[in-house]
Amino acid sequence: MDFGLSEEQELLQETLRSFIARDCPPTRLREIFDADAGHDPAHWNALVEMGVAGLVIPEAYGGAGLELLDLALVAEVLGEGAFPSPFFGHSLASLAIVLGGSDAQKESWLPRLASGDVLGTIAFGEGDESWDPSAWQMRRVDEKLTGMKGYVPHANVADLIVVGLAGGELALVERSAEGVKLEAIDAVDRTRPLYKLSLDAVVAEVLAVAAASRVRDAGLVLLAADAFGSASKLVEMSVEYAKTRQQFGQVIGQFQAVKHQLADMTTAIEPARGLFWHAAYAFDHLPDEAERGAALAKAHLTDVFMQTARDAVEAHGGIGFTWESDVQIWFKRAMFDRAFLGTPPGHRERAATLAGW
Amino acid sequence: MDFGLSEEQELLQETLRSFIARDCPPTRLREIFDADAGHDPAHWNALVEMGVAGLVIPEAYGGAGLELLDLALVAEVLGEGAFPSPFFGHSLASLAIVLGGSDAQKESWLPRLASGDVLGTIAFGEGDESWDPSAWQMRRVDEKLTGMKGYVPHANVADLIVVGLAGGELALVERSAEGVKLEAIDAVDRTRPLYKLSLDAVVAEVLAVAAASRVRDAGLVLLAADAFGSASKLVEMSVEYAKTRQQFGQVIGQFQAVKHQLADMTTAIEPARGLFWHAAYAFDHLPDEAERGAALAKAHLTDVFMQTARDAVEAHGGIGFTWESDVQIWFKRAMFDRAFLGTPPGHRERAATLAGW
Amino acid sequence: MDLKYSEEYEAYRAELRAFLAANWPPKGAGAELSFREQAAVFRQHAIDAGYVARGIPKQYGGSERAADVLKARIIAEEFRRAKAPGEVRGIGASMLVPTLIEKGAEWQKERFVPPTIRGEMVWCQGYSEPGSGSDLASLQTRAELVGDEWVINGHKVWTSGADQADFMFCLCRTEPEAKKHGGISYLLIDMKSPGIEVRPLRQMTGTADFCEVFFSDVRTPKDHIVGKRGEGWIVSRSTLKHERDMIGSAESSLLTFRNLVRLAQSTQRGGRPAIEDPAIRQELAEIEGYVRSHVYSGYRQLTAASKGGSAGIASMLNKLTSSNIGHRISRLALELVGDAGLCSPNGDPIMSVNPRGESGWVTQYMWSLGIAIAGGTANIQRNIIAERGLGLPRERAAQESR
Amino acid sequence: MDLKYSEEYEAYRAELRAFLAANWPPKGAGAELSFREQAAVFRQHAIDAGYVARGIPKQYGGSERAADVLKARIIAEEFRRAKAPGEVRGIGASMLVPTLIEKGAEWQKERFVPPTIRGEMVWCQGYSEPGSGSDLASLQTRAELVGDEWVINGHKVWTSGADQADFMFCLCRTEPEAKKHGGISYLLIDMKSPGIEVRPLRQMTGTADFCEVFFSDVRTPKDHIVGKRGEGWIVSRSTLKHERDMIGSAESSLLTFRNLVRLAQSTQRGGRPAIEDPAIRQELAEIEGYVRSHVYSGYRQLTAASKGGSAGIASMLNKLTSSNIGHRISRLALELVGDAGLCSPNGDPIMSVNPRGESGWVTQYMWSLGIAIAGGTANIQRNIIAERGLGLPRERAAQESR
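First to last, the sequence lines map onto chains D, E, B and F.
First residue of the first sequence: 0, per numbering that gives the first Met the number 0; consecutive thereafter.
First residue of the second sequence: 0, per numbering that gives the first Met the number 0; consecutive thereafter.
First residue of the third sequence: 0, per numbering that gives the first Met the number 0; consecutive thereafter.
First residue of the fourth sequence: 0, per numbering that gives the first Met the number 0; consecutive thereafter.
Shown next as structure tokens:
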């Protein structure tokens, strides 16, 4: 019975934290955000170097063969840094092939995804909150796909797109294929830009096993982890601000009302760490609990993150409401985590049904 | 356009306040509460003297011919004092005859209700939240009633009971009639004791007009008014306590956290005063808004009162949790106001339907 | 209690409607003018008729009528209905003018009031600074008297409309040795003066509705001070009070709530209109309880004011009530708009029936925070309620620092 | 991460199960004894086998085993499953004994620890006073050294089980001239001493689960002091810490939540089980998010402790998390029980399918408040989190008063 991290896992997180602190401090984050650049390719290359691109790809295909928990721990640290990165889509695309690919498909794609030669992403929702595989409309006729996908993260830099089909199957589409059209969306979270994807009779390869729900569950866990890391960072930033900002002749952190708000923010987020840990662990080890755990973790953590983001803005006063403040970058990340793959109420209703309520 | 009280209304409230301060201060309230006496007959006689018993009975029948707003203003002040009194049941019984009685029925009962010679109450709910007239099961066969009513306030001292029948009619039953059986309920609010009423082929007189919904609406407004008065009093008590209780070398009202909690309690209740004013006014003057206004006022104010009662206990610390503390008397009054005639969610759902949502 | 207007007021309303029907929109030659010109002509008529600038003496261009909150409300209602230009908007008419009328020198009233209430002179407000948000007493912008001029150096933030203003009313520290509130003066500064730099201040929504203003040796005449030297704090207090009332409007809560209901009616959830979802219905009805409370509390304050009284502590609660409601509304709205929460306030969600409306709610979600912060944060409001409203003692720290 | 127990621990569990199967409930002659006697015999076996009183040295009657939180958890789980009497409950074993082991004199350990862990000596705690709830430093009960005895006068409140206790451990002011925490000592007092009066303290629920204790010239020997004169504050601190952990238990949150789900399943609402109402489902799932967080945070703290470390700030949040959850659960429960909310905690609602259960929720509703207050109010918890956990500075007022 060990509900804790291994030394390797702690080392992975520390390595990533140091990397982000050095290569993507708030000043650099700011530049990427303001330029609406989406990410810095050098950052992605560094993640690839660290093995992050192939973390959950089996060793036989050149990956590290680790589990969703390890991936979630990476997501947590990227959240702390509001790190602009195609990590999220790439991880889910890779997992889709790990879970659903035939041997040949794995052979063909996983080594290149692990090495970073191919960058992946996923195309699930089609607008109007159609995130659940049962709601997809994308049509397949004669091995060709026609239809629209709404919010594809980092699609502009992805080589390979895992597309959800009507009926819940998944298919692989190359961005360079004929009939693929991308259109930028004016997305609120500039650390994970979104694209509208239109397919017009595009050649595609259907994955052998329909793993859409599993990939969605993994995505929910990664968003929950991102939310935890991000919200924790916001609390830390708010505490630091309260220790330095002077008002009425003392630092504001000396006012009991401010103290109590910070204590409440801490109490809202800190105990919820285990929620994404457990959901990630369940994904690989407790099949009966995996789907429900992912739904609850996403619903709870992204709600708490959104509220924490509001509280953090208030804790920073007027400055927190400006574009210049770093807080707003995380605030917008909270909006992404909350809405992507579906807002909390839908997941809570699903969790209720899965419990037999 | 005048959304305020008349001088007469303010005078009525002040007269009542002075009376309660003199004749039923907390020490006396305590005695009645601890003895589980239900009320003090001398207090009721005094209210009758003041004209409260016949406030909404037309002048032609010996009453004051006033409106529901006036009755609600009385309820507010009784709430402030957590005054143990059969006022609530008596007022609704009188209103039932005013609204639903034939001329003969009015002639027969109203003068005696106004003069206090007859004390009335109402018997509506039959258990399992069957407060809505459409849910009543009480049977009438050959002008005789058979069935059970769940929570009849002050039934032990009432002479006349207005009983709701299946189908939504109202009937008059004399407590002394044959086949009437009362059983005390271990009710949480000892200022308004409740009785179970069993009728076995009891002679009854059916009111000419089916006014059950209207009487229920009036009851909702009176509970909302009681909740407002009570909650305001709790805030006042908490503020007073914070001004005198010392901890850590200063009065606790000097701690910012305590201040802000008291400010939030005030902000929760004080603006809601107009909610019961408006609902009471609408009952007599704005027929299209009356039912919905009553539902929303009851739902909102009794919810706020319950939360205020919790906050007041916390504001008093350990002492607030004891039987010896006066706070618990209002806390239990909050439980009555919240549950009697149905809990808030049901009224909110009804309000949604009435709005055409 | 009587929610109808009395006959006297209904007659006043009828008279006003006739006036509006005759004068707005302009007919004949007036219809050829630009909107700005039309508005100026109309407003002068309205002043002459006693519908606009009622609190301003005639000698300063006003219509000088007895205060009557019910008439004021009728005027507001009817002008809105007719879409006629009423009082000049903006901080000059709403904040500076009352301050000048109360505390200004005669020449200041004569020079500044008439063009301001006609909309010809536009003002901005210089209170907040980067280091002093809620705590105005700690402001740092200095004004030094050199000969016949104040020489100003410093930095103001959250200045709405500084890029379009002709003048600023501004708090500056004039007696550096005085403590806290003591050394502050209330100065009037021409925004065209050399040494002023205005930079837009962008909010998280992406738009810049505020400015920062930098002063380097900016000069303003010695007599451009309102009230005495070092008394700027007192001069500004009445103005701040006006601002708090303005923000706390119950009507905007009601309007936003109605839009929320429409959003719930037009949004689908699990294949049905969201408004049919029992959880949404509960939440809407719960919010409506707060909104109605706020609206009726406003009626009550209005009635009290019309009788020359006050509704007591109720008027201190408007701002907090309003921002609490704003928070709840915007939270439910964000839930309802679903995917639109992924888009920027200016971005359209994919496949949305009502895209503009939905990105509008994203803006509203962000602004509900801005409103909670503006005009003093919620914590400052709670302090005011607790100390001035409930009579609780001040904290020791606060006592010492003053 | 591995939520299974390792083989070593599974073996330990198997061994323990065999022990329990063999010894509880008692067989043969043992089965004829009273429950109390059975428990005493069994508990001695369990101590000898190393399952009970593990932290207590053998010389004081314990089994003196190396600390192992996982074994402790397995023992708790298996004893609960077998319904076997484990550690003696109550404040003596949980709070006084650890304090004595750490700070007590040798004779005190020898005399008091063995009977306490066997359940033969029952204790109560004398900390709170009417004038000092969260602020222990302000306590007023005096103990004056007269010859070889402390003479005690004063008044304690919130003393659980004072009417059944043999002894009290008590904080008294022994150096009246010392300031604040300085003058307090930790004394042991025989509850049969003349001059002690115990009165039940009734809560709003109607039952009396606490007492008040009045001291009039009560005497206790000079050596019945733990630690030095004037150091009682320090002696008591470790004890308070234990209490906070006890109250913050995640398992009781989980248990209450499961009962809430059952309530929602067995209650009707508009003719259908309440659990089918979308608003109720949302609220339940939302509460479950907090409950699971609390439970997993407990796992994490357990794991950290088993590795000899700590989970940092997480352990400071247990109490507040637990009372926040209790509040939400009880609020929803009150909504679900409907008419039962009209009845006292002991009263049965009319026509209820499940009357006991429903009046139980009324009790729980009231107790959720008591728990929020016990062991320091929520505000004190927030201060601890902010100051000790987040490193925020103390308020000026608090700094000065210490």
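The beta carbon of each residue, even a glycine, is placed where N, CA and C say it ideally should be.
The model shown is predicted, which means the values in this text are computed figures rather than measured ones.
Who are the neighbours of D:PHE254 on chain E, taking C-beta pairs under 9 Å? GLN255
B:GLY191 versus B:GLY125 - alpha carbon distance: This sequence places Lys at residue 191 of chain B; Gly is not what is there. Roughly 15 Å between the two C-alpha positions.
Kindly indicate which residue of F:GLU109, F:ARG271, F:LEU301, F:GLN380 has the alpha-carbon position closest to the one of D:GLY273. F:LEU301
Within the same chain, show all residues whose beta-carbon is closer than 8 Å to that of F:VAL217, passing over the 5 residues directly before and after it, in chain order. VAL150, ILE151, ASN152, ILE188, SER192, PRO193, GLY194, ILE195
How do the region 250-269 of chain E and the region 327-343 of chain E stand: do at least 3 beta-carbon pairs fall below 8 Å, yes or no? no
Classify D:ARG309: buried if its beta carbon has 16 or more other beta carbons within 10 angstroms, exposed otherwise. buried
Using a Cβ-Cβ cut-off of 6 Å (strictly less than) and excluding sequence neighbours within five positions of B:ALA81, which residues of its own chain qualify? LEU19, TRP23
Do F:ASP67 and F:SER252 come within 9 Å of each other at the CB atom, strictly closer than that value? no
Would you kindly check if the distance between the Cβ of E:GLU125 and the Cβ of E:ALA170 is under 9 Å? no
Among residues of its own chain, excluding the 5 on either side of F:ALA332, which ones have a beta-carbon nearer than 8 Å to its beta-carbon? LEU259, LEU262, TRP360, GLN363, TYR364
D:GLY3 versus B:GLU176: straight-line alpha-carbon distance, rounded: 58 Å
For the alpha helix (DSSP H) that F:PHE213 lies in, which residues bound it at each end? Note, F:PHE213: premise wrong, no alpha helix (DSSP H); beta strand (DSSP E) at 209-220.
Would DSSP call B:MET167 helix, strand or coil? strand
Would you say the region 67-86 of chain E touches the region 38-58 of chain E, given that touching needs at least three Cβ pairs under 8 Å? yes
Looking at C-beta atoms only, is the number of pairs between the region 91-104 of chain E and the region 204-221 of chain E that lie closer than 8 Å three or more? yes
Can you give me the Cβ contacts of D:HIS153 inside the same chain, cut-off strictly under 6 Å, excluding the 5 residues immediately before and after it? PRO85, GLY88, THR120
Whole-angstrom distance between B:ASP338 and D:ASP141, CA atom to CA atom: 31 Å
Check each candidate in E:LEU68, E:MET137, E:ASP1, E:ALA81 and name the one with the smallest Cα separation from E:ILE19. E:ALA81
Members of the region 81-107 of chain F that neighbour chain E once the beta carbon cut-off is set at 9 Å: none
Among the candidates E:SER107, E:HIS42, E:GLY252, E:GLU235, whose CA atom is the shortest distance from the CA of E:ARG21? E:HIS42
contact_flag[the region 54-70 of chain D, the region 22-29 of chain D] where n(CB pairs < 8 Å) is 3 or more: no
Between which residues of its own chain and B:ARG16 is the CB-CB distance below 7 Å, once the five residues before and five after are set aside? GLU77
Report yes or no: is there a C-beta of chain E within less than 9 Å of the C-beta of F:LEU391? no
Can you check whether the CB of F:ILE100 is closer than 9 Å to the CB of F:ILE46? no
Alpha carbon of B:THR98 to alpha carbon of B:ALA65, nearest angstrom: 18 Å
Going by Cα to Cα distance, which pick from F:ALA377, F:GLY61, F:GLN281, F:SER296 is closest to D:HIS349? The residue asked about is misnamed: residue 349 of chain D is Arg in this sequence, not His. For D:ARG349, the nearest C-alpha among the options comes from F:GLN281.
Should F:LYS227 go down as buried or exposed, given a rule of 16 or more other Cβ atoms within 10 Å for buried? exposed
Run through chain F and tell me which residues come within less than 7 Å of B:ALA278, C-beta to C-beta. PRO277, ALA278, GLN281
Between which two residues does the beta strand (DSSP E) harbouring D:LYS148 extend? 143-152
What residue from E:VAL202, E:VAL238, E:LYS232, E:HIS277 has the CA that sits closest to E:ALA217's CA? E:HIS277
For E:ARG347, count the other beta carbons within 10 Å of its own beta carbon; 16 or more makes it buried, fewer makes it exposed. Which is it? buried
Taking only the alpha-carbon atoms, compute the straight-line gap between F:ILE246 and F:ASN317 and give it to the nearest angstrom. Model confidence at F:ILE246 stands at a pLDDT of 38, short of 50, so the residue's coordinates are unreliable and nothing is read from them.
Using a Cβ cut-off of 9 Å (strictly closer), state whether E:LYS242 contacts chain D. no
How about F:ALA293: is its C-beta nearer than 9 Å to some C-beta of chain D? Checking the sequence, you will find His at residue 293 of chain F rather than Ala. Yes, F:HIS293 lies at the interface with chain D (some Cβ there is under 9 Å from its Cβ).
Cut-off 6 Å between Cβ atoms - residues of its own chain near D:VAL208, not counting five sequence neighbours on either side: GLY99
Tell me the DSSP secondary structure of B:TYR8 in three-state form. helix
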